[in-house]
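Protein chains in written order, with my numbering: chain A, 33 to 335; chain B, 33 to 335; chain C, 4 to 269; chain D, 4 to 269. We treat Cβ as the ideally placed atom computed from N, Cα and C, and that holds for glycine.
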Amino acid sequence: MVDLSVDLGFLKLKNPVLAASGTFGYGLEFKPFYDLELLGGFVVKGLYLKPREGNRPPRLVETPSGLINSIGLQGIGVEAFCREILPELAGLKTAVIVNVCGEEEDEYARVAEYLGRHRGIAALELNISCPNVREGGRCPAQSPEATHRTVKKVKQVTSLPLITKLSPNVTDITAVALAAEEAGTEAISLINTLLAMAIDLETRRPKLGNVLGGLSGPAIKPIALRMVFQVARAVKVPVIGMGGIFSAEDALEFMMAGAAAVQVGTANFVDPDACLKIIRGLETWAEKHGIKKISEVTGSLQL
Amino acid sequence: MVDLSVDLGFLKLKNPVLAASGTFGYGLEFKPFYDLELLGGFVVKGLYLKPREGNRPPRLVETPSGLINSIGLQGIGVEAFCREILPELAGLKTAVIVNVCGEEEDEYARVAEYLGRHRGIAALELNISCPNVREGGRCPAQSPEATHRTVKKVKQVTSLPLITKLSPNVTDITAVALAAEEAGTEAISLINTLLAMAIDLETRRPKLGNVLGGLSGPAIKPIALRMVFQVARAVKVPVIGMGGIFSAEDALEFMMAGAAAVQVGTANFVDPDACLKIIRGLETWAEKHGIKKISEVTGSLQL
Amino acid sequence: MVIDRQARLVEVESWGDYFLFTLDSPEIASQARPGQFLMIRVSETTQPLLRRPISLHNAEGNRLQIFFQVAGEGTRLLSLKKTGQFLDLLGPLGKGFNVRPEFREREIFCVGGGRGIAPLYYLGRELRAAGAQPVIFYGGRSEGDLPLRYRLETAGFEVLVSTDDGSAGFPGFVTSLVEEELKKRRPAFLYACGPDPMMEKLAETCRREKLPAEFSLESIMGCGFGACWGCVKKIRRDGQEKYLKVCQDGPVFSLEEIVWQEREHG
Amino acid sequence: MVIDRQARLVEVESWGDYFLFTLDSPEIASQARPGQFLMIRVSETTQPLLRRPISLHNAEGNRLQIFFQVAGEGTRLLSLKKTGQFLDLLGPLGKGFNVRPEFREREIFCVGGGRGIAPLYYLGRELRAAGAQPVIFYGGRSEGDLPLRYRLETAGFEVLVSTDDGSAGFPGFVTSLVEEELKKRRPAFLYACGPDPMMEKLAETCRREKLPAEFSLESIMGCGFGACWGCVKKIRRDGQEKYLKVCQDGPVFSLEEIVWQEREHG
Ligand SMILES: Cc1cc2nc3c(=O)[nH]c(=O)nc-3n(C[C@H](O)[C@H](O)[C@H](O)COP(=O)(O)OP(=O)(O)OC[C@H]3O[C@@H](n4cnc5c(N)ncnc54)[C@H](O)[C@@H]3O)c2cc1C
Ligand SMILES: Cc1cc2nc3c(=O)[nH]c(=O)nc-3n(C[C@H](O)[C@H](O)[C@H](O)COP(=O)(O)OP(=O)(O)OC[C@H]3O[C@@H](n4cnc5c(N)ncnc54)[C@H](O)[C@@H]3O)c2cc1C
Ligand SMILES: Cc1cc2nc3c(=O)[nH]c(=O)nc-3n(C[C@H](O)[C@H](O)[C@H](O)COP(=O)(O)O)c2cc1C
Ligand SMILES: Cc1cc2nc3c(=O)[nH]c(=O)nc-3n(C[C@H](O)[C@H](O)[C@H](O)COP(=O)(O)O)c2cc1C
Ligand code: FES
Ligand code: FES
């Protein structure tokens, strides 16, 4: 029997596999496919204070081994979430993590504060890295200073553990990670999507209603893995890796590179039971390699 | 008959398709496949002052719809190039562009100066964006200041037109492009490869001898296209777009986004006659769409 | 809603670019309703990455049928599957057509353009079972684009065909054929599935004629089961216009709910 | 060196994971030499992206043969090709084995491990044509890994087989079998192709026995024709150690040129 549990310090997970925000709905969408309690946890879709309409369609384009999305964080807002959805999730024996959004720095704090008053939330994930809601795809996670300020503000208003989610659209990902760590984040997750574009030759217009979008899926895995490797060597807090994870083997690469846990995003669309398959695959791999505790894999890369 | 020629101001090309540096050898490798004079031009592999051994193998890893390389600019050096190769290229009726490298800023200038004393070179492409030769994948094109300084130094020692090649591993690609423009570059080319990594689960070691490498191919096209779009709107000098171009349709997307010409890289490995196919595809597409001059496509994207 | 990774392809019929697959998938077949769809895995590699949405053309006993046209790489790969191979299906998905008791003994127009004909066979069967009289309109560019004509006719449906080039049936758009028929008879309801221009024209006609209708919409889909918010269209519901999910709240919407947007990109 | 996008697959033989393809490719066949290889397109999508290097197993008249083992996604896709389909080949590539006049009437050892046997059939034919006496050593993990044994024997070659598990022929590594034979006879030359551990062991033996040899090396290849510098190995030539291209300067190198590196990653 392999021990799949991982301890992030502020949070114990029964296994290192979390479903990524924006790809797992509010969790309930996946109930027809498997028992959510089998997951290490899941991160619900990003929430603002108010309901959001989201971006103009088309919102998706497929690209070679990848997917560009420009959803623009359509959602019901934190109040409706706490009223209508959270009660259904709160009893689950798995880590429910809420992805926190904000138009400006203060909104992040207000959403976090609101959520902090409710039960059933294991941690907050601070989404300062969505490329789909600001002009030109900009986001706070592109600046160490803005990252530091936002994390700090949120830490002041909630005692829930905080995972700060970084953007890959930066020159030096470690600088941003260190800023988040300094400001007191309990963990770092990365990567969000890469700012991208596609053009329709017939109409000569962008394929996405919002012009730019975020690239995810297997195409970005090599970039994500590099960034997780760099960040894990730079910070002391646990790192949660993601970007194109479609198999247990992919997840293991991220763990070897230094991730304590992983998130699975786009794969959930292709195979609704992707997380489950990955958890089982981790177990099989560990058994085959005589590994007793999966957490031993974290950072085991040899240079 | 479609007019495929494009005028970059400092250089007229018979068509907008150039073979990209590092993927076309010194040009001669492609002679068995077609007449090099059919090309708009080609960029030879990056050259330093001295011969270079390159990085430790393995140097290549395939990833979903992509390729990571860590060649490390193995090459014969600028002297041997001018002595042994250039005479064979100089007579060709196509634009021969030389990719200029340097360990530090002064070396770029010395390589450029040396090349400036030879005939048969249409332009220099300043490779300040290779992720495979410095610690942690860093390069001058990650800083507007270093970019400005390097371009300026090179401009002082040569009258050959200069194309500055940018790195995608930055927060704000337009800032770097503007710095290069300010320092006097005649054109901007982008993107070089994205810093990436892959891990071998069995050995628990990086798959590349050099640990990190640069990702190219269709996987990165959506990111490259976005950056070309951003840069073309920011600068006045012509932009040469590349990153995952495998078909005439891909090339057209880059042109609509603002590229005056394109470069074809990794595709040359898969189909040695990729550039030729793309040139023919451009012609067919233009005919079908009643376009008389291909250069009309540049920047024709509607928002 | 289930994942069936072992749906055996038992029969393939094809006409040029058009394919009719018969699949063994007891669990999905037992839950299916007309207007619902499947998400089908077309490749074992990461390219193309996503499943492809394809309507249920029919479900009977343990069997499903789909009818599709090769539109790009994904449907091309699907078309290469051979009898005996297994397909990986997710379904049935979405809300289907609503067949109402008051349709009994009334004529119901079912209008399909091109591949949009796919769900109307199943719908026609359901209408007939409910005692209604389906009239199937089938429009295509040319005679070769009407491969299901014979199948629909032999199933005993009244089938009216049109071709843009006049090579078969009514010469002109299927929407004009519907207009012509409306001069002659008054159906109780209209169902439609087809390309955007056809749908917009039909919407106009229905509004003018005050003919209640349901339209099956297409949209690029990330997941097909409500998890990605990628497939939305603007819908008027409960007095508000909002982006609803085509995969979950649709693909069938009632005509008056649909907000026809200025032409979307792409 | 040509691109042949219309190489028709005329025959497929297979044994478990191992495949022997016969292809119609007159132009490549007419230029080919033993030890050279092809770069084969395995997918029409971008995944897998690169062509795959596969040795020439044989060339005769208009026909080429390749022999390969499924190692991953690329070779798996290749193995799915059916008779009558067309393959997209680039070749012949690289420098082949050097067969010298002085081999005439001498015994020549040709050592292949696993899929490394692939080029030795063609080499054996060439050696025989040059009047030499090839002795083919064929090692595999188990009897099932020696699918070409019968083919080599019926071609009239002297074939010595070994299996790691002793299920056929000499029990043990093929390198030990070579050692055993060297106690009995003295060949003029040795050629080898196989997995790294086999090659390193053989290199030791050859050096000790002062037996001249050529080894065919493998490497991950970007292009196969010298354009990417991706396939290099450290080679001692003209008094210097440098990274030479396996695709262009190899894949065959003479033993004394090869610099055995501490085990590479990956
Ligand atoms: C609910 C639903 C049911 C459908 N049922 C059928 C059916 O029964 N038979 C059938 O032939 N087709 C059906 N379609 C359309 C089918 O899904 C698309 O033709 C297919 O996804 C195209 O994939 P591709 O890889 O072949 O082409 P691509 O190369 O992906 O695209 C080719 C063209 O089709 C467009 N396209 C891509 N995806 C979709 C999509 N999901 N919907 C509409 N257009 C798209 C692209 O923008 C492009 O212009 C249905 C679509 C939906 C949403
Ligand atoms: C000159 C040359 C000639 C060859 N001739 C033959 C032959 O005749 N028959 C045959 O069965 N195989 C031959 N090979 C090996 C064959 O090219 C690889 O097995 C194949 O490329 C693996 O591709 P894949 O997609 O199936 O597996 P992948 O999933 O790409 O890889 C599976 C495993 O093989 C390794 N690998 C990948 N590419 C290569 C490569 N180019 N060389 C060696 N290992 C690799 C990977 O690191 C991995 O461990 C030859 C290789 C070279 C370089
Ligand atoms: C359709 C879609 C919606 C997303 N929405 C969110 C979101 O609401 N909040 C967030 O932090 N990340 C969001 N992401 C990013 C993912 O959580 C993840 O960081 C990214 O997709 C990379 O992982 P993947 O390649 O496994 O998908 C979204 C991604 C996709 C594809
Ligand atoms: C094997 C390889 C070697 C490369 N060498 C160079 C080089 O010497 N100089 C340079 O400026 N870019 C080099 N590049 C980057 C390409 O020129 C190009 O910018 C990049 O690959 C993106 O284009 P593509 O996706 O079409 O390949 C190299 C790329 C590859 C794949
Ligand atoms: S396709 Fe994902 S929500 Fe509709
Ligand atoms: S494989 Fe490209 S140089 Fe050898």
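Residue i Cβ short of 7 angstroms to ligand 5 heavy atom set
| i | result |
| --- | --- |
| C:W232 | yes |
| C:G225 | yes |
| B:G57 | no |
| C:G229 | yes |
Distance cut-off 7 angstroms: residue i Cβ against heavy atoms of ligand 4
| i | result |
| --- | --- |
| B:I252 | yes |
| D:M42 | no |
| B:G54 | yes |
| B:L99 | yes |
Which of helix, strand or coil DSSP assigns to residue i
| i | result |
| --- | --- |
| C:F40 | strand |
| D:E110 | strand |
| D:L18 | Per the sequence shown, residue 18 of chain D should be read as Trp rather than Leu. D:W18 falls in the strand class under three-state DSSP. |
| A:D232 | strand |
| B:T350 | Residue coverage of chain B in this structure runs from 33 to 335, which leaves residue 350 of chain B outside it and unanswerable. |
| B:L244 | coil |
Check: residue i C-beta below 7 angstroms from any heavy atom of ligand 6
| i | result |
| --- | --- |
| D:Q251 | yes |
| D:K248 | yes |
Proximity test, Cβ basis, 8 angstroms: residue i and chain B
| i | result |
| --- | --- |
| D:F40 | no |
| D:G242 | no |
| D:I31 | no |
| A:I272 | no |
| D:K236 | yes |
| D:H268 | For D:H268, the predicted structure reports a pLDDT of 44, less than 50, and the residue's modelled location is therefore unreliable. A value from the coordinates is still provided. D:H268 counts as touching chain B. |
Any chain D beta carbon closer than 8 angstroms to residue i
| i | result |
| --- | --- |
| C:E105 | no |
| B:G86 | yes |
Contact test: residue i Cβ vs ligand 3 heavy atom, cutoff 7 angstroms
| i | result |
| --- | --- |
| A:V296 | yes |
| A:I103 | yes |
Beta carbon proximity, residue i to chain C, threshold 8 angstroms
| i | result |
| --- | --- |
| D:T323 | Only positions 4 to 269 of chain D appear in this structure, which leaves residue 323 of chain D out of reach. |
| D:Q88 | no |
| A:T225 | no |
| A:P96 | yes |
| A:E61 | yes |
Ligand 7 heavy atom lying under 7 angstroms from the CB of residue i
| i | result |
| --- | --- |
| B:K197 | Inclusion of ligand 7 in the displayed structure is not the case, the ligand content consisting of ligand 1, ligand 2, ligand 3, ligand 4, ligand 5 and ligand 6 alone. |
Cβ-heavy atom distance, residue i to ligand 1, below 7 angstroms
| i | result |
| --- | --- |
| C:R79 | yes |
Near ligand 2: residue i beta-carbon under 7 angstroms from a heavy atom
| i | result |
| --- | --- |
| D:P95 | no |
Chain A within 8 angstroms of residue i, Cβ atoms only
| i | result |
| --- | --- |
| B:K197 | no |
*Taking only runs that begin and end inside the stretch 120-191 of chain C, name each unbroken beta strand (DSSP E) of 3 or more residues, in chain order.*
136-143, 161-166
*Counting pairs of beta carbons, one from the stretch 251-268 of chain A and one from the stretch 101-113 of chain A, are three or more of them closer than 8 angstroms?*
no
*Report yes or no: do the stretch 276-293 of chain A and the stretch 314-329 of chain A share at least 3 C-beta pairs separated by less than 8 angstroms?*
Yes: the two stretches touch, three or more of their Cβ pairs being nearer than 8 angstroms.
*Touching by the beta-carbon criterion (3+ pairs, under 8 angstroms), the stretch 231-239 of chain C and the stretch 99-119 of chain C*: no
*Would you call the stretch 117-137 of chain C and the stretch 210-218 of chain C touching, i.e. three or more CB-CB distances under 8 angstroms?*
Touching, no, given that fewer than three Cβ pairs across the two stretches are closer than 8 angstroms.
*Are the stretch 177-192 of chain A and the stretch 129-141 of chain A touching by the rule of at least three beta carbon pairs closer than 8 angstroms?*
yes
*Counting pairs of beta carbons, one from the stretch 82-89 of chain B and one from the stretch 322-334 of chain B, are three or more of them closer than 8 angstroms?*
no
_Residue ranges of each beta strand (DSSP E) within the stretch 131-183 of chain B, 3 or longer_ = Restricting attention to beta strand (DSSP E) runs no shorter than 3 residues, the stretch 131-183 of chain B encloses them at 155-159, ordered along the chain.
*Kindly provide the ranges of any beta strand (DSSP E) runs that are 3 or more residues long and lie completely inside the stretch 200-252 of chain D, ordered along the chain.*
Within the stretch 200-252 of chain D, the runs of beta strand (DSSP E) at least 3 residues long that lie entirely inside it are, in chain order, 216-219, 235-240, 243-248.
*For the 8 angstroms Cβ check, are there 3 or more pairs between the stretch 164-172 of chain D and the stretch 89-106 of chain D?*
They do not touch, by the three-pair rule.
*For the stretch 159-172 of chain A and the stretch 237-251 of chain A, state whether three or more C-beta atom pairs, one from each stretch, are separated by less than 8 angstroms.*
yes
*Segment contact, 8 angstroms Cβ cut-off, at least three pairs: the stretch 195-213 of chain D with the stretch 237-249 of chain D*: no
*Evaluate contact between the stretch 229-244 of chain A and the stretch 186-195 of chain A, counting only Cβ atoms and requiring at least three cross-stretch pairs below 8 angstroms.*
Contact between the stretch 229-244 of chain A and the stretch 186-195 of chain A is absent, because fewer than three Cβ pairs lie under 8 angstroms.
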